[in-house]
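Input: a single structure, listed below in structure tokens.
Numbering (our numbering), first residue to last: 1 to 66.
Right, dumping it as structure tokens:
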């Protein structure tokens, strides 16, 4: 499974009704690949708001039996 995620420096962005916050990976907002334009808009807003080194990343998840 592939999802989109927004990274800022060594942390990630979480989208909340109050605005954008930085969090660890396990709390970050993730989006389906077909929302790329929306995610780029959020990343642009994050950069405009002063977040450093904002990038959109593809998060690749795999599932395996233990």
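Glycine included, C-beta positions come from ideal geometry on N, C-alpha and C.
In this text, all values refer to a predicted model and were calculated from it rather than measured experimentally.
Is residue i near residue j, with beta carbons less than 8 Å apart?
| i | j | result |
| --- | --- | --- |
| residue 23 | residue 4 | no |
| residue 12 | residue 20 | no |
| residue 60 | residue 6 | no |
| residue 64 | residue 33 | no |
| residue 28 | residue 40 | no |
Suppose the cutoff is 8 Å on Cβ atoms and the five residues either side in sequence are ignored; what does the same chain contact list for residue i look like?
| i | result |
| --- | --- |
| residue 10 | none |
Residue i by DSSP, collapsed to three states: which one?
| i | result |
| --- | --- |
| residue 2 | strand |
| residue 61 | coil |
Output needed for residue i: all residues of its chain with C-beta closer than 7 Å, excluding positions within five of it in sequence on either side, in chain order.
| i | result |
| --- | --- |
| residue 8 | 22, 46, 51, 52, 53 and 54 |
| residue 49 | 20 |
| residue 58 | 2 and 4 |
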